[in-house]
Amino acid sequence: MSCDTKHHANIYLFDIETTGLGPHCKIIEICLHAVDRWSLEKCEANSQTPPRVVDKLALCVDPEMEISDKAEEMTGLSRELLQCNQRGAFREGVAKLIKSFLEIHFDE
Numbered sequence: 000m001s002c003d004t005k006h007h008a009n010i011y012l013f014d015i016e017t018t019g020l021g022p023h024c025k026i027i028e029i030c031l032h033a034v035d036r037w038s039l040e041k042c043e044a045n046s047q048t049p050p051r052v053v054d055k056l057a058l059c060v061d062p063e064m065e066i067s068d069k070a071e072e073m074t075g076l077s078r079e080l081l082q083c084n085q086r087g088a089f090r091e092g093v094a095k096l097i098k099s100f101l102e103i104h105f106d107e
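Just so you know, we're using numbering that gives the first Met the number 0 here: the sequence shown kicks off at 0 and counts up by one.
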């Protein structure tokens with residue numbers, strides 16, 4: 000089976016949730032989605048079938064600061080929940096996971 004990579008490449012979506020909207024906010028959740036480009040392009044606006052997700056990575060991190068009430072309401076994440084689930088801060092290990100996710104999709 001032949002596969003034309005021009006038409007079957009993925010589109011990458013990054014969704015980042017933070018402690019609030021100010022300039023000193025910190026990340027509390029990162030979601031990366033690799034979506035099949037062809038299925039996204041063929042998806043009708045009112046379609047009941049979503050585009051095909053090829054891979055996804057979701058990571059929650061402890062911001063080591065309070066989360067605004069609005070951010071907590073929107074995300075469902077609280078500082079207490081992140082600490083109870085032993086989520087660490089955004090450090091090198093988190094960056095390595097993101098890098099690894101991207102490396103499986105791109106040739107170096």
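Just so it is clear, CB atoms sit at the ideal spot from N, CA and C, and this is done for glycine as well.
To the nearest angstrom, how far is it from the Cα of residue i to the Cα of residue j?
| i | j | result |
| --- | --- | --- |
| D54 | C83 | 27 angstroms |
| K69 | F105 | 36 angstroms |
| G92 | V60 | 11 angstroms |
| C42 | R86 | 36 angstroms |
| V34 | P49 | 10 angstroms |
| Q47 | L81 | 33 angstroms |
| N184 | G21 | Here the chain has residues from 0 to 107 only, and residue 184 is not among them. |
| A88 | K95 | 13 angstroms |
Applying the 10 Å Cβ sphere with the 16-neighbour rule, what's the burial state of residue i?
| i | result |
| --- | --- |
| L101 | exposed |
| T18 | buried |
| L76 | buried |
| I66 | buried |
Spatial neighbours of residue i within its chain, please: CB distance less than 8 angstroms, with the 5 preceding and 5 following residues excluded, ordered by chain position.
| i | result |
| --- | --- |
| I97 | I29, L31, L56 and L58 |
Which residues in the same chain have their Cβ closer than 6 angstroms to the Cβ of residue i, if we skip the five residues on either side of it in sequence?
| i | result |
| --- | --- |
| E16 | I27, E28 and T74 |
| P62 | T18, K25 and I27 |
Counting along the chain, where does the alpha helix (DSSP H) carrying residue i start and finish?
| i | result |
| --- | --- |
| I15 | Not the alpha helix (DSSP H): I15 falls in the beta strand (DSSP E), residues N9 to T17. |
| K55 | Unbroken run through K55 is the beta strand (DSSP E), V52 to C59; no alpha helix (DSSP H). |
| A70 | D68 to T74 |
| I97 | E91 to E102 |
Using a threshold of 9 angstroms, state whether the C-beta atoms of residue i and residue j are closer than that.
| i | j | result |
| --- | --- | --- |
| R51 | M64 | no |
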